[in-house]
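Here is the structure we will look at, set down as structure tokens.
Printed below as a string of structure tokens:
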């Protein structure tokens with residue numbers, strides 16, 4: 128025989144603690160020097176920019192009805208509601224800083240909204256670092272400036288060379304002109320001498 132007072136039957140108000148049970152890459156634990164439950168920060172380096180994790184809401188009354196959710200801030204737009212499953216995965220994460228947040232609820236839907244959070248730092252490949260873009264931009268800019276200056280110097284050198292050629296050609300023309308003038312004058316002198324000779328002979 129079982130007796131009870133109906134007004135004493137209430138929902139389970141217990142907010143379960145959240146614990147991280149494992150965080151791995153292809154089955155290999157990422158944390159070896161401490162208990163995952165106390166993990167606060169994790170750094171991943173490309174190309175190992177992925178991880179799997181398992182967590183649990185610690186409510187033991189009808190534990191099979193516990194609910195779980197997770198999200199990666201700066202990556203997910205909303206919570207991933209996974210029901211009574213207790214694991215998640217992220218792959219191919221871009222370089223940056225993220226916060227993995229996990230939370231859980233008990234059998235009656237009371238959620239521990241504070242849950243647990245872990246800072247995830249993903250170090251990108253070297254060619255995606257900002258200083259690489261700055262360096263490449265500087266090299267491109269310097270190359271453009273040097274190319275422009277070389278082009279200007281080349282054009283100036285060519286102009287100087289052309290000016291020298293024109294000056295030389297002008298000097299040659301002046302020399303020829305002077306020679307022609309001298310020959311013309313000599314011709315005139317010879318013509319005068321011939322006329323004078325004819326007069327004298329006459």
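Residue numbers (this note's numbering): 128 to 329.
Glycine included, every Cβ here is placed at the ideal spot set by N, Cα and C.
Exercise for review: Decide yes or no for the touch test of the segment 204-216 against the segment 130-141: beta carbon pairs closer than 8 Å, at least 3 of them.
Suggested key: As far as the Cβ criterion goes, the segment 204-216 does not touch the segment 130-141, which means the pair count is below three.
Check your understanding: Is it true that the CB of residue 166 sits closer than 8 Å to the CB of residue 147?
Key -> yes
Review point. Mind pulling the beta strand (DSSP E) runs of 3 or more residues that sit fully within the segment 235-290?
Key: 238-250
**Study point:** N- and C-terminal bounds of the beta strand (DSSP E) containing residue 170
**Key:** Where residue 170 is concerned, the enclosing beta strand (DSSP E) stretches over 168-172.
Practice item. Indicate whether residue 215 and residue 197 have their beta-carbon atoms separated by less than 8 Å. Key: yes
Practice item. Could you check the C-alpha separation between residue 232 and residue 239 for me, to the nearest Å? Key: 6 Å
Review point. Candidates 299, 190, 301, 290: which alpha carbon is nearest residue 234's?
Key: 190
Practice item. Tell me where the beta strand (DSSP E) around residue 218 begins and ends. Key: No beta strand (DSSP E) holds residue 218; DSSP gives it neither H nor E.
Practice item. Report the partner residues of residue 178 according to the DSSP bridge assignment. Key: 217
Practice item. Provide the residue span of the beta strand (DSSP E) that contains residue 198, from first to last. Key: 194-200
Practice item. Within its chain, find whatever has a CB closer than 7 Å to the CB of residue 193; leave out the 5 residues flanking it on each side and keep chain order. Key: 143, 184, 186, 211, 231, 232, 233, 234
**Study point:** Inter-residue Cα distance where the pair is residue 161 and residue 206
**Key:** Taking the CA atoms as reference points, residue 161 sits about 28 Å from residue 206.
**Study point:** DSSP three-state assignment for residue 295, whether helix, strand or coil
**Key:** helix
Exercise for review: Would you mind sorting residue 253 into buried or exposed? The rule is 16 or more other CB atoms within 10 Å of its CB.
Suggested key: exposed
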